[in-house]
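Residues in the sequence shown are numbered consecutively from 1, following UniProt numbering.
Note sheet for the following structure.
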Amino acid sequence: MISEPGTPTLDQLKVLLTVVDVGSFAGAARKLNRATSVISYSIANLEAQLGLTLFDRETTRKPQLTEAGRMVLAEARRVANGIDNLRAKSKGMLQGLESELHIVLDTLLPEHRVVDALTSFREHFPTVNLHLYVESLGAVTRLVLDRVATIGVAGPLVTVDGIEKIGIGSVHMVPVAAPGHPLATAEENLPGAGREHVQLVLTDRSEFTKGRDIAVVGTSTWRLADLSSKHMLLKAGIGWGNMPEPMIRDDLATGRLVHLDMPDSIEGYYVMDAIHRTDTPPGPAGRWLIERLRFQAQCDDAEPA
């Protein structure tokens, strides 16, 4: 007869997660400030509680999860995240108005949204000292994870453990070039035309977007970390690229830039989220700012085409 599994403790699950995250029992002991023997004992007790072998101790010196271990690890992460979320929400209920707030915005967030959000914030919370950073792509998430910023506005990224996301709309991205650029003067751009010319690409150095290209079709690319530099080079006729439509609306109206019709560069929408750490929820002022960003997106959606 198979006995029922016991009930693991939160501490046992924390030890398991730490061993996996740092890659060794000794490393987990250092991180948790415990003896290695205590870590081994906790894992052994967890295995005994569940009646499962979590680590392969026979074929490798480094702890490798068994199939059962991988299953338990996934559940342990869910439990740990649930506890963090409960503590975070409780902290938010107890927290008074912040004395300061650090935020980081994706450089693609349209100017009118930035101005509206920050102007309204100062009107509603004049005593809150606001610190602003502007970054690109994965660098936004990095600053939030590193606790440099409490709130970020980030573009589309893979799910990151410990980060909560709240949808705040998107920005329309369109391929453009200067009016004298070959892609702008051609009667028709055939598939593959973009590969024959320098494409200006916004990039960053964070691990979240390392080696990942978004809407890149050119084989020759200039990679820029600054959107204003990309804008300047586009108007100078040096390359082509995708830009947020609100930022170049006047350029398109005056002819400084031309909206390209390119079969291999489909325009689309850059989805954005307000993000914060699960264990560090924003206070009243931060929550208000997120709601303002959500309200902006609802107003944009309601505008007539």
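All C-beta atoms, glycine included, are put in the ideal place defined by N, C-alpha and C.
None of the values given here were measured: they were computed from a predicted structure.
Alpha-carbon spacing of residue i relative to residue j, whole angstroms
{"i": "glutamine 296", "j": "leucine 50", "result": "49 Å"}
{"i": "glutamate 100", "j": "tryptophan 288", "result": "14 Å"}
{"i": "methionine 1", "j": "alanine 48", "result": "Below a pLDDT of 50, predicted positions are generally treated as unreliable, and methionine 1, at 40, falls in that range; the measurement from the model is reported next regardless. So the alpha carbons of these two residues sit roughly 16 Å apart."}
{"i": "proline 175", "j": "glycine 138", "result": "22 Å"}
{"i": "valine 104", "j": "arginine 277", "result": "13 Å"}
{"i": "proline 70", "j": "isoleucine 39", "result": "The sequence given here places arginine at residue 70; proline does not occur at that position. When rounded, the distance between both Cα atoms is 18 Å."}
{"i": "glycine 255", "j": "glutamate 111", "result": "21 Å"}
{"i": "glycine 237", "j": "alanine 28", "result": "55 Å"}
{"i": "valine 15", "j": "aspartate 146", "result": "22 Å"}
{"i": "glutamate 188", "j": "tryptophan 222", "result": "24 Å"}
{"i": "lysine 130", "j": "alanine 44", "result": "In the sequence as presented, lysine is not what sits at residue 130; that position holds leucine. Whole-angstrom Cα-Cα distance: 48 Å."}
{"i": "aspartate 161", "j": "leucine 86", "result": "16 Å"}
{"i": "lysine 235", "j": "valine 134", "result": "23 Å"}
{"i": "proline 156", "j": "serine 37", "result": "43 Å"}
{"i": "aspartate 84", "j": "arginine 77", "result": "10 Å"}
{"i": "threonine 141", "j": "valine 271", "result": "14 Å"}
{"i": "asparagine 81", "j": "arginine 30", "result": "22 Å"}
{"i": "isoleucine 290", "j": "valine 114", "result": "12 Å"}
{"i": "methionine 232", "j": "asparagine 33", "result": "52 Å"}
{"i": "arginine 249", "j": "phenylalanine 125", "result": "32 Å"}
{"i": "aspartate 273", "j": "threonine 59", "result": "44 Å"}
{"i": "proline 244", "j": "glutamate 75", "result": "40 Å"}
{"i": "aspartate 116", "j": "glycine 96", "result": "24 Å"}
{"i": "valine 79", "j": "phenylalanine 25", "result": "21 Å"}
Among the options, the one whose alpha carbon lies nearest that of residue i
{"i": "tryptophan 240", "options": "Asp250, Arg249, Thr254 and Asp261", "result": "Asp261"}
{"i": "glutamate 4", "options": "Leu52, Gly23 and Leu16", "result": "Leu52"}
{"i": "tyrosine 269", "options": "Ile168, Arg292 and Val140", "result": "Ile168"}
{"i": "leucine 293", "options": "Gln12, Phe125, Val79 and Phe121", "result": "Phe121"}
{"i": "glutamate 196", "options": "Leu202, Thr203 and Ala186", "result": "Ala186"}
{"i": "glycine 23", "options": "Asn33, Leu10 and Arg61", "result": "Arg61"}
{"i": "serine 228", "options": "Ser136, Thr59 and Gly194", "result": "Ser136"}
{"i": "threonine 9", "options": "Ser42, Asp106, Ala26 and Val19", "result": "Ser42"}
{"i": "leucine 73", "options": "Leu118, Gly96 and Thr18", "result": "Thr18"}
{"i": "leucine 46", "options": "Ala26, Gln12, Pro244 and Leu224", "result": "Gln12"}
Beta-carbon proximity list for residue i, same chain, < 7 Å, skipping 5 on both sides
{"i": "glycine 286", "result": "Glu98, Leu101, Thr150 and Ile151"}
{"i": "threonine 66", "result": "Thr53, Leu54, Phe55 and Asp56"}
{"i": "alanine 68", "result": "Leu52, Thr53 and Leu54"}
{"i": "aspartate 21", "result": "none"}
Reduced DSSP category for residue i - H, G, I as helix; E, B as strand; rest coil
{"i": "isoleucine 39", "result": "helix"}
{"i": "histidine 102", "result": "strand"}
{"i": "leucine 16", "result": "helix"}
{"i": "methionine 71", "result": "helix"}
{"i": "glycine 169", "result": "strand"}
{"i": "glutamate 291", "result": "helix"}
{"i": "aspartate 226", "result": "coil"}
{"i": "methionine 262", "result": "coil"}
{"i": "phenylalanine 121", "result": "helix"}
{"i": "histidine 231", "result": "helix"}
{"i": "leucine 65", "result": "strand"}
{"i": "aspartate 21", "result": "helix"}
{"i": "alanine 193", "result": "helix"}
{"i": "leucine 202", "result": "strand"}
{"i": "arginine 87", "result": "helix"}
{"i": "arginine 277", "result": "strand"}
{"i": "glycine 286", "result": "helix"}
{"i": "methionine 1", "result": "Note on methionine 1: pLDDT 40, under 50, position unreliable in the model; the coordinate value appears next. It is coil, neither helix nor strand."}
{"i": "histidine 131", "result": "strand"}
{"i": "alanine 302", "result": "Note that alanine 302 has pLDDT 48, beneath the 50 cutoff, so the model's placement of it is unreliable and the number below is only indicative. Three-state result, alanine 302: helix."}
{"i": "aspartate 251", "result": "helix"}
{"i": "leucine 140", "result": "According to the sequence displayed, residue 140 carries valine and not leucine. It is helical."}
{"i": "valine 146", "result": "The sequence shown places aspartate at residue 146, rather than the valine named in the question. Coil at aspartate 146, not helix or strand."}
{"i": "proline 175", "result": "strand"}
Close Cβ partners of residue i (< 8 Å) along its chain, the five nearest in sequence each way excluded
{"i": "valine 258", "result": "Val176, Ala177, Ala178, Pro179, His181, Ala184 and Leu252"}
{"i": "proline 246", "result": "Pro110, Glu111, His112, Val171 and His172"}
{"i": "cysteine 299", "result": "none"}
{"i": "glutamine 64", "result": "Phe55 and Asp56"}
{"i": "alanine 35", "result": "Ala29"}
{"i": "threonine 107", "result": "Val134, Glu135, Ser136, Leu202, Asp226 and Leu227"}
{"i": "leucine 118", "result": "Leu130 and Leu132"}
{"i": "leucine 224", "result": "Leu200, Val201, Leu202, Thr203, Lys230 and Leu233"}
Cβ neighbours of residue i in the same chain (closer than 6 Å, five flanking residues each side left out)
{"i": "glycine 6", "result": "Gln49"}
{"i": "valine 128", "result": "Glu98, Leu101 and Ala285"}
{"i": "isoleucine 275", "result": "Val144, Gly152, Ala154, Ile163 and Lys165"}
{"i": "proline 304", "result": "Only weak support is given to the placement of proline 304: the predicted model assigns it a pLDDT of 41, under 50, and the question is left unresolved by the model."}
Proximity test, Cβ basis, 9 Å: residue i and chain C
{"i": "proline 126", "result": "Chain labels in this structure do not include chain C; a single protein chain is all it has."}
Exercise. Quick one: any contact between the stretch 276-286 and the stretch 145-162, if contact means 3 or more CB pairs under 8 Å?
Worked result: In short, these stretches touch, since the Cβ pair count reaches three.
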